[in-house]
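The next block holds one structure in the form of structure tokens; read it before the comments.
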Amino acid sequence: MAELKDLFEPLGFTVVSALELNLAEPEETESTFAGNALLKARAAMLATGSPALSDDSGLAVTALGGAPGIYSARWAGEPRDFYRAMEKVEEELKEIGATDRSAKFVCALGLVWPDGHEEVFEGEVHGQLVWPPRGERGFGYDPVFIADGETLTFGEMDPARKHYMSHRAVAVAKLKAALL
């Protein structure tokens with residue numbers, strides 16, 4: 001939510017989370033980021049009667065066949081422990097003897113209007129995984145991900161720099177180009 005607020009509020013939008021509205025979180029049953037983003041946006045739109053935007057995003061590791069992918073948050077367990085999730089990625093890479101450390105962050109933004117119109121805007125940022133984690137900024141898998149062309153992990157990077165280039169920023173730019 002913090003990243004979405006940083007990206008949308010300068011445009012004059014007020015961003016309110018489903019949590020702030022006490023909306024139930026639907027079970028993510030789709031097989032793609034786009035499918036899960038639309039599922040969550042539909043649920044929010046039906047509950048509020050207002051247009052709803054939802055994000056589904058995660059880390060896709062090439063050597064792991066795209067895992068953790070749509071299960072990125074679930075790899076962190078409950079309560080969410082992303083350090084453990086990062087360890088799990090590293091353990092699985094070591095277990096298969098992977099030398100390919102390429103990965104990408106993927107974001108799908110699902111936008112649903114009360115009239116039933118739906119759109120999806122997707123963004124990716126490609127990079128490499130490092131171990132051990134570096135940096136205290138960001139969230140999720142940020143401390144192990146270095147975007148192509150960069151030297152700092154997203155966990156080390158100034159938030160403004162990350163917001164400029166992240167998978168979410170790419171998806172938001174596509175949304176803005178289509179709608180604003």
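Going by this note's numbering, 84 is the number at position 84 of the sequence shown; the sequence numbering is gapless.
Here a beta-carbon is modelled for each residue, glycine too, at the ideal position from N, C-alpha and C.
Asked: Through-space distance from K94 to A178, alpha-carbon basis; Found: 42 Å
Asked: Own chain, CB closer than 7 Å to A47, minus 5 neighbours either side, in chain order; Found: L23
Asked: Exposure label - P114; buried when at least 16 CB within 10 Å; Found: exposed
Asked: Meets three-Cβ-pair contact criterion under 8 Å: the segment 49–67 and the segment 88–105; Found: yes
Asked: Secondary structure of H117, DSSP reduced to three states; Found: coil
Asked: Contacting residues, own chain, Cβ-Cβ under 8 Å from F82 (five flanking each side not counted); Found: A76, F139, G140, Y141
Asked: D56 (DSSP reduced to helix, strand or coil); Found: strand
Asked: Own chain, CB closer than 7 Å to P26, minus 5 neighbours either side, in chain order; Found: L39, K40, A43
Asked: Simplified DSSP assignment, three categories, for E9; Found: helix
Asked: Beta carbon proximity, L111 to chain D, threshold 8 Å; Found: Annotation note: the requested chain D is absent from the structure, which comprises a single protein chain.
Asked: Residues of its chain near S31, where Cβ-Cβ distance is below 8 Å and the 5 sequence neighbours each way are ignored; Found: I70
Asked: Rounded separation between N36 and W131 - CA only; Found: 29 Å
Asked: Supposed close pair L53, H163 - CB separation, criterion 8 Å; Found: No, L53 and H163 are not in contact; Cβ-Cβ is about 17 Å, not under 8 Å.
Asked: With 16 other Cβ atoms within 10 Å as the buried cut-off, status of G12; Found: exposed
Asked: Boundaries of the beta strand (DSSP E) in which G110 is found, first to last residue; Found: 102–112
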